[in-house]
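A.B. asks: Input: one structure, supplied below.
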Amino acid sequence: MPVIVKEPKEQVKKPQESFWKRMTRHQLFIPLAALALLVLFNLIADPSFFAVSIKQNSLGNPVLSGNIISVLDNASELVLLAIGMTLVTASSGGQDISVGATMAIAGSVILRMVCGGQVSADSPCMPILLAVLIGIFVSMAFGAFNGALVAYFKIQPMVATLIMFTAGRSIAAWINNNELPIMNDVSFKYAGTFLPGIPVPTPIFITIFMVIVFWALLKFTNLGLYTQAVGINANSSHLNGLNPQMIKLLTYMILGACVAVAGFIRVSRSGSINYSRIAENIEMDAILAVALGGNSLSGGKFNIYGSIIGAYVIQFLTTTLYKYEVPSTALPAYKAVVVIILVVLSAPVVREKLSHMKRTAGKTVKEAT
Amino acid sequence: MQEGAVLEMRGICKYFPGVRALQDVDFTLREGEIHALMGENGAGKSTLIKVLTGVYPKDGGEIRIKGVDGAVSIHSPQDAQNAGISTVYQEITLCPNLTVAENMYIGRTKGNLTNWKEINKGAAKILETLGIPASPRQQLGACSIAVQQMVAIARAVDMDCKVLILDEPTSSLDEQEVEKLFGLMRDLKAKGVGIIFVTHFLDQVYEVCDRITVLRDGGLVGEYVIEDLPRVRLVSKMLGKELDDMADIKKDVCTAEVSVDGVPVLEAEGLSSSAGIKPFDFSIRKGEVNGLTGLLGSGRSECVRAIFGADHVTAGTVKMNGKPVKISKPLDAMKHGIGYLPEDRKGDGIVGDLSVRENIILALQVMKGFFRPFSRAQAEAFADEYIKLLEIKTASSDTPVKSLSGGNQQKVILARWLLTNPQYLILDEPTRGIDIGTKVEIQKLVLKLASEGKSVTFISSEIDEMLRTCSRLVVMRDRKAVGELSGENLTQSQIMATIAGGDESCQ
Amino acid sequence: MPNGITLDKKGHLKSRTAMSDTMLLLTITVVVFFVMYFSAVLFLGGGFAKTQNFLNILNNNASLIVLSVGMSIVMITGGIDISVGGVTCLVCMVSAVNLEQHGGNLLTVVLISLGIGLAFGVVQGFLVAYLEIQPFIVSLAGMFFAKGMTTIVSKEPVRVTNEAFLAVKDTRIYVPGLGSYNKLGEYIPAYVEVGVVVALLVVVVLFCVLRWTKLGRNFYAVGGNNQSANMLGINVKRTKFMAHLLCSMLAGLGGLLYFLHVGSGDVANAAGDEMNAIASSIIGGTLLTGGVGNVVGTLFGVLSLNTIKRIVSSLGFDEAWWSNITVAAMLCLFLVVQSIVLLRKNKKK
Amino acid sequence: GNSGSGAASAAASSKPAASGSELIKVGVINNDPNESGYRTANDRAMREMFTEANGYEATFYNNNDAAQQIATAQQMIQDEVDYLLLSPGSTTGWDTVLQDAKDAGTQVILFDRMLEADESMYVAAVVSDMPKEGVTAVDWLASQGLDEYNIIHIQGHMGSDAQVGRTGALDEKVNAEGNWNYVVQQTADWDEATAQQITQSVIDSGKSFNVIYAENDGMARGAVAALDKAGITHGVDGDVIVMGFDCNQWALQELLAGNWNYDGQCNPFQAETINEIIQGLEAGNAPTEKIIYTPEQGFDATTISQSDVDTFGI
Ligand SMILES: Nc1ncnc2c1ncn2[C@@H]1O[C@H](COP(=O)(O)OP(=O)(O)OP(=O)(O)O)[C@@H](O)[C@H]1O
Ligand SMILES: Nc1ncnc2c1ncn2[C@@H]1O[C@H](COP(=O)(O)OP(=O)(O)OP(=O)(O)O)[C@@H](O)[C@H]1O
Ligand SMILES: [Mg+2]
Ligand SMILES: [Mg+2]
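Line order of the protein sequences matches chains A, B, C and D.
For the first sequence, the numbering used here begins at 475 and goes up steadily by one.
For the second sequence, the numbering used here begins at 111 and goes up steadily by one.
For the third sequence, the numbering used here begins at 83 and goes up steadily by one.
For the fourth sequence, the numbering used here begins at -19 and goes up steadily by one.
The structure is reproduced here in structure tokens:
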């Protein structure tokens, strides 16, 4: 059929860029560079930050201990939330600000079930796994509520989830019958601390497991393609046989599941819950993680690994600041400064300007010679 | 500056990542002329206009404007307005949440306060003179696309400008509206305004323009006085290939014989949808190309959307290959081998930020299922095949589809549906905003598909295009099928007569 | 705002112009507020029957009104600013420390408020408008920074004893004819605080700005579609910058009003007010997607939000979580109603 | 329905004291009972006291949010309660409310927490003596006779009554004694997880310490979780002394089991005293003292008994 004969190759200039330039343009460059900078800072300021020692915990288990282990351990909840948040952001172009509140609900459900409705219990009244599954189910139901508002009533995500943000901890109070339950059995704390005989904190394993699950989901299903397509152009997705509403709903439910697992880790750390305080402001950190990972908060294309690295950057920063005894209340101020620097550096406008400057600088050098 | 020129661009360059959109382009616009800017899809017409009006910063070259010494620097559309350039961009660029009147005046009034009475009065006057059926106080988003387009034009022509730019303003206007626009353009021309006019309709070019500048692949081909450049030469300039004769293409196209004796692939009875289409019957045979024609807004799109299940179907039955089927959502239709290329490319077609590759495989992937993604290699093979087949101009299959020019985006969507190998393909305005070379390509493709035993429904605003491809035409008026033409009835005048509907009372 | 309320007098126009989205949502809000308040007066009586009760809602929320109005403006341009609560808190703390420990006076306090607002506005506005960073992230960092700075300035609450300040703070502007008798039989005239007057003034001024000035109309245009606005010759960047600047300045002013109301700096001041401001704007008919909204609606949003809280506690739902759940339910109701109304309306055309 | 014209209510209140049949209208503004075991106990005691059976018509409102508390307090004043019982969520910002109460003839009694205002603005305050709690705890710690005190001090919400009182005593001692040092002094804002992170960070940095002074039970618990994780022994015979406040039942259990060393009581039962004050006022007797402290003590793991746990655990 060719009426028009010409080589399409000729007019398309394949960009020949240096390795360095391609690398700096990569989405993961900024979060990785931030992580590297934090590592470098600690190496110079006090290399003992990276010291890892093996100790015996109170149950007689050998356990690894050290700042770096704490970072990996404490980031777990945030990583899980960041993963879910990335999907929600991609599909709906907005964020779920109710994850902290939903964590309170999921944690309450799990703990309350395990405690059998008592304020304090010495042994689980129900298989822990079953309680976790129920927690996941409940949390997914709340996710579905958020998702339905977003998908079917077309309410902006932040506003839609403002509802659960406001009501979530109150619902948790209701679930707990206004009590603060405590689970004393050690086996309940395995997930938040250590499994007997294994020196690595269990949350790290859970995180790795969840990351693998999502890696597989993205690799072996079309979750990634569908959420991106829906997030970029819902109309067009609809005409290509997708059900945009369902997919949005699905991402909110997936986030719900992530939230429940995070909630489980959190309650399992101490065997107790204070639902008005648990995971306070974590939604903000989760959203930050997504943004630090180089993902657009207005949806569409995403890179889940960016968000994961973003989460570790945030926790690394927090742990570093704690080490230098920055007052915990002043922490946000430092965090804000670092965040702003990172997002400014990764802003497309700034990057363009910088590369432009480099180009003109290169030119003047050439002219000079 | 040249004698009599109002606008001069010299050596304009513009690069996008991996794309040379404009390279050393010169352009001169004289006082009181209508100057057509022609070129294939992706030739760089819109980019040139956006560079001129400060939407994009230019990477090289200079712009001069009459009355200003030296090169002017235009960094924003506002600068352009101040310099006396008023523009209607290719995509409608108004604010849907503001009123019609405000859309006409915002960003160009002097003073810091809005005098609502005055702008409503002013707008009402312009709307009336141009015969635009809208109220000044109406929210623009509530108007039809055509009205919005007219409002954009009204805004531009109302400005006291030296240069008026119209980038494909006629793509969603009907004939009368186009005529009205041309009248306006001639008036302005008489007043000494220079007009840049971009269109893919050759007839329109020869109807109103004085000069033509042709772009190809971001480079300047040349500037011609209209009399010196007959159609065939214009087309060959645009394509970059000397054509022996345009008639060849036509002949080529017409030789494809259409079989009309196959079994009905699809039969719809009493179909109606929530979009407001009245119950209609529709059928198409194997290997047939039929078309839907009618005036703008006559309901052609709604009709095919109902068949595809894109709108909520409220009544009717559908049979495919003689068996009743239920199509309530696009996926059902796709599973039954129906493909649908929507008319609103940007809104309904492309998935902008996804790559060309992902856009091409999207529909097939959805049909294949959630749990069975194509491997990367497979997807790349598909994409490369169709990029080559349809000659899609793209830096690579990884390029985001939104950075392709309009026509190439259309090809990507076409590729998407061809890849699903449908037995019945619905094309709603597949040639809108597409250059003539590609248009012919698409028409040929349609006929080729038909010859392979596929059925195609073709919708186009250009009647001769329909005549060339379709063996049967359904004429629609006021959201109703009012006639059907085939065989020797299939002539321009017959169609016009049916559309006009002499036998029925006025709408 | 009301773009299409008046019927067209011109005969040649075929149809009555439909109500604009902005006007429609405003109407819903106002009607709901009045229905709610009068039902409370009728069925709950007691305090609700007294004017002072209503004026107290204003007294307590003068600052929130100003914050919400600023929030609405940013939301109209399609952005968001969640730093306003933090800025308010920071302003209170810095002002209190200035008055108590550095011998400040009323003038320095005003300068501090506006200065902090200006600083936040310039930085956030620049980042959002000129570096094109998402407003959510920018203002999130702004909030973190403001809250963190507050504790750096002082971890402990600082109560103000400066007399000139207290004199202004305790000024009661009596509203003639609206008083009531207390249970000792004394006539207590109804009053508003200075902040209320300022807040209402702000609403009026900004109403006019949004309705009639170029800048105000540009806010709507940019929120409607910022690419289009650019091509219509509007300086989108400057408009966005101005919106954020205005919002932060209003947050600074809101901080001053908050400070005037409570008379102390405290880390817990204005906690959660960013969400209250967003909720008020939404209830007032501002859409987070931009282009639609109105400051008068926002005023009613604030009033509705606080009226419902009072009704809930008056009904005997005395646990904190009831108030949260009701607010959430009300928000939900409003959102769903708005969404249905708008979806319907857009489907019709 | 309690609407009524000004005159009518004036007549009603002209009676000197509410006798038998007439219920006393009280409005109770408290903090969120879900915050901690202490709060729950406090709220329960108030609700059990101010009942119709005891001659009260009470309206309750619980919320930590100061702005909400203030709004509701005003509402109650408008509803013409006789007594406003107030446990303020924040110490400042109450001036207007107190003035309104005075204008309306409503008497204000503070409980549990103080606020910053002139004494003339309220009739009485029934509160815990926080500085004394601190002193009791610090004295106990001093009596342990360690060679060196390396303390992780985890503070509550800065500026709260409890934090100021409990920090004050310790600060004084650390400043005065050469062998008392802070390894870290940080606020965890009453939050268990934050307390755990703070402690964890100290352990990870390899600093040595032998005392954890946490200003409530929850934070002590968080700190202990970090110790357990690193295998640092604590409690009786342990390497680290663990101190908490509030006497939650579960915390006292920890004491009994020897996992912790000390828990300072914070008495949540003020309802009884308030009742006495109100009855006195109704009878025309103003309380003799403005500030009334509830009795409190500290518990030592080596001496605590099961009956202590049952009696004093909340
Ligand atoms: N924002 C952009 N980013 C990257 N590439 C772009 C962008 N806009 C245009 N291009 C590229 O520049 C070239 C010229 O596009 P332009 O839109 O000017 O074509 P056109 O002549 O107007 O075509 P059409 O007739 O299809 O509208 C195309 O190859 C297109 O892919
Ligand atoms: N009688 C009518 N009353 C109200 N709206 C109408 C009417 N007819 C058409 N419209 C509207 O006009 C728009 C165009 O309709 P549609 O897309 O079906 O027309 P079409 O024949 O496909 O024309 P084209 O595709 O060329 O624009 C639609 O939004 C439709 O709702
Ligand atoms: Mg174009
Ligand atoms: Mg159509």
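From the three backbone atoms N, C-alpha and C, an ideal C-beta is built for every residue, glycine too.
1. Is the closest heavy atom of ligand 1 to the C-beta of L344/B under 7 Å?
2. Less than 8 Å separating the beta-carbons of A425/B and S382/B?
3. Taking any Cβ of chain A, which residues in the stretch 453 to 477 of chain B have a Cβ under 7 Å from it, in chain order?
4. In chain C, what lies closer than 7 Å to A647/A by C-beta?
5. So, under 8 Å CB-CB, Y749/A and R643/A are touching, yes? Tell me the CB distance rounded to an integer number of Å.
6. In terms of residue numbering, what span does the alpha helix (DSSP H) encompassing M313/C cover?
7. Who are the neighbours of A821/A on chain C, taking C-beta pairs under 7 Å?
8. At a cut-off of 7 Å, would you count A131/B as near ligand 1, judging by its Cβ distance to the nearest heavy atom?
9. Could you work out which residues of chain A lie near S421/C, taking near to mean beta carbons separated by less than 7 Å?
10. According to a CB-to-CB cut-off of less than 7 Å, which residues of the stretch 781 to 814 of chain A neighbour chain D?
11. Quick check on DSSP: helix, strand or coil for N161/D?
12. Starting from the C-beta of I610/A, find all residues in its chain whose C-beta is less than 6 Å away, skip the five residues before and the five after it, and write them out in chain order.
13. Ignoring anything shorter than 4 residues or poking outside the stretch 538 to 626 of chain A, list the alpha helix (DSSP H) runs there in chain order.
14. Taking C-beta pairs closer than 7 Å, name the residues in chain C that L636/A reaches, listed in chain order.
15. At a CB-CB cut-off below 8 Å, which residues of chain A make contact with V164/D?
16. Helix, strand or coil for V592/B per DSSP?
17. Determine whether the Cβ of S744/A lies closer than 8 Å to any Cβ atom of chain D.
18. Leaving out five residues on either side along the sequence, give the residues of the same chain with a beta carbon under 7 Å from the beta carbon of F688/A.
19. Where does A105/D sit, in a helix, a strand or coil, going by DSSP?
20. Ligand 1 and S513/B: does any heavy atom of the ligand fall closer than 7 Å to the residue's C-beta?
21. Does any CB atom of chain D fall closer than 8 Å to the CB of E238/C?
22. Beta carbon of I178/D, beta carbon of I134/D: below 8 Å?
23. Between which two residues does the beta strand (DSSP E) harbouring L467/C extend?
24. Is F126/B near ligand 1, with its Cβ less than 7 Å from a heavy atom?
25. So L335/C packs on K251/C, CB below 8 Å; how close in whole Å?
26. Who are the Cβ neighbours of Q233/D in its own chain at under 7 Å, not counting the five residues just before and after it?
27. Any C-beta of chain A sitting closer than 8 Å to the C-beta of V409/C?
28. For S196/B, name the three-state secondary structure that DSSP assigns.
29. Using 8 Å as the Cβ pair cut-off and three pairs as the minimum, do the stretch 439 to 453 of chain B and the stretch 393 to 409 of chain B touch?
30. According to DSSP, is H830/A part of a helix, a strand, or is it coil?
31. Which same chain residues end up closer than 7 Å to Y626/A when comparing Cβ atoms and leaving out the 5 residues on each side of it in sequence?
32. Give the residues from the stretch 518 to 531 of chain A that approach chain D closer than 9 Å (Cβ to any Cβ), ordered along the chain.
33. Closest Cβ-Cβ distance between G597/B and chain A: below 8 Å?
34. According to DSSP, simplified to helix, strand and coil, what is F126/B?
35. With 8 Å as the threshold, decide whether the Cβ of F568/B is near any Cβ in chain A.
36. Taking S770/A as part of the alpha helix (DSSP H), name the residues at either end of that continuous run.
C.D. replies: Straight from the coordinates:
1. Counting from 1 along the second sequence, the entry for residue 344/B is found at position 234. Not one heavy atom of ligand 1 falls within 7 Å of the beta-carbon of L344/B.
2. Here the question's residue 425/B lines up with position 315 in the second sequence. Here the question's residue 382/B lines up with position 272 in the second sequence. With contacts defined by Cβ atoms closer than 8 Å, A425/B and S382/B form a contacting pair.
3. Correct list: G457, D458, G459, I460, V461, G462, D463, L464, E468, L472, A473, Q475, V476 and M477.
4. For the purposes of this step, residue 647/A is identified with residue 173 of the first sequence, where counting begins at 1. Under the 7 Å cutoff, chain C gives W403.
5. Translated into positions along the first sequence, residue 749/A becomes position 275. Translated into positions along the first sequence, residue 643/A becomes position 169. Yes, they are in contact, since the Cβ atoms of Y749/A and R643/A sit about 6 Å apart, within 8 Å.
6. As a position in the third sequence, residue 313/C is number 231, starting the count at 1. Taken as a continuous stretch (DSSP letters only), the alpha helix (DSSP H) holding M313/C covers N308 to M313.
7. Start at 1 with the first residue of the first sequence, and residue 821/A comes out as number 347. Correct list: L213, E214 and I215.
8. Taking the first residue of the second sequence as 1, we reach residue 131/B at position 21. With a threshold of 7 Å, the Cβ atom of A131/B counts as near ligand 1, since some heavy atom of the ligand is closer than that.
9. Looking up residue 421/C in the third sequence gives position 339. Listed by position along chain A, the residues whose Cβ is nearer than 7 Å to that of S421/C are F627, K628 and I629.
10. Under the 7 Å Cβ criterion, the stretch 781 to 814 of chain A contributes T793, Y796, K797, E799, P801, S802 and T803.
11. Taking the fourth sequence and counting its residues from 1, one reaches residue 161/D at position 181. The three-state reading of DSSP puts N161/D in strand, counting E and B together.
12. Your numbering for residue 610/A matches position 136 in the first sequence. Around I610/A, the same chain offers A731 and A734 as residues with beta carbons nearer than 6 Å, after the five sequence neighbours per side are excluded.
13. Fully enclosed alpha helix (DSSP H) runs of 4 or longer: 541 to 548, 550 to 566, 573 to 588 and 602 to 625.
14. Position 162 of the first sequence, counting from 1, holds the residue named residue 636/A. Scanning chain C for C-beta atoms nearer than 7 Å to the C-beta of L636/A yields M357, I360, A361 and L413, reported in chain order.
15. The count along the fourth sequence starts at 1 and reaches residue 164/D at position 184. The contacting residues are E799.
16. Here residue 592/B is taken as the residue at index 482 of the second sequence, counted from 1. In the three-state scheme derived from DSSP, where H, G and I count as helix and E and B as strand, V592/B is classed as strand.
17. Translated into the one-based positions of the first sequence, residue 744/A becomes position 270. For S744/A, the answer is yes, since a Cβ of chain D falls inside 8 Å of its Cβ.
18. Counted from its first residue, the first sequence places residue 688/A at position 214. The beta carbon of F688/A is closer than 7 Å to those of I557 and I778 in its chain, skipping five residues each way along the sequence.
19. Position 125 of the fourth sequence, counted from the first residue, corresponds to residue 105/D. The answer is strand: DSSP assigns A105/D an E or B state.
20. In the second sequence, residue 513/B corresponds to position 403, counting from 1. S513/B Cβ: within cutoff of ligand 1.
21. By one-based count along the third sequence, residue 238/C stands at place 156. For E238/C, the nearest beta carbon of chain D is closer than 8 Å to its own beta carbon.
22. Within the fourth sequence, numbered from 1, the residue matching residue 178/D stands at position 198. Within the fourth sequence, numbered from 1, the residue matching residue 134/D stands at position 154. The Cβ atoms of I178/D and I134/D lie closer than 8 Å to each other.
23. Nothing in the structure corresponds to residue 467/C, since chain C is present only between 83 and 431.
24. Position 16 of the second sequence, counting from 1, holds the residue named residue 126/B. For F126/B, the shortest separation between its Cβ and any heavy atom of ligand 1 lies below 7 Å.
25. Position 253 of the third sequence holds residue 335/C. Position 169 of the third sequence holds residue 251/C. With a Cβ gap of about 16 Å, L335/C and K251/C do not count as contacting.
26. In the fourth sequence, the residue the question calls residue 233/D occupies position 253. So the list reads V289, once near-sequence residues are dropped.
27. For this step, residue 409/C is matched to residue 327 along the third sequence. Yes, V409/C lies at the interface with chain A (some Cβ there is under 8 Å from its Cβ).
28. Along the second sequence, one-based indexing puts residue 196/B at 86. In the displayed model, S196/B falls within a strand according to three-state DSSP.
29. Three or more beta-carbon pairs separated by less than 8 Å are not found between the stretch 439 to 453 of chain B and the stretch 393 to 409 of chain B, which leaves the two stretches without contact.
30. Position 356 of the first sequence, counted from the start, is the residue given in the question as residue 830/A. Correct three-state label for H830/A: helix.
31. Here residue 626/A refers to the residue found at position 152 of the first sequence. These residues qualify, in order along the chain: Q719.
32. Only D520, S522, F523, A525, S527, K529, Q530 and N531 from the stretch 518 to 531 of chain A bring a Cβ to less than 9 Å from some Cβ of chain D.
33. By 1-based counting over the second sequence, the position of residue 597/B is 487. Not one chain A Cβ lies under 8 Å of G597/B.
34. By one-based count along the second sequence, residue 126/B stands at place 16. For F126/B, the secondary structure class from DSSP, reduced to helix, strand or coil, is strand.
35. By 1-based counting over the second sequence, the position of residue 568/B is 458. Using a Cβ-Cβ cut-off of 8 Å, F568/B does not count as an interface residue toward chain A, since no Cβ of chain A sits closer than that to its own.
36. Here residue 770/A corresponds to residue number 296 of the first sequence, with the count starting at 1. In the DSSP assignment, S770/A falls outside any alpha helix (DSSP H), carrying neither H nor E.
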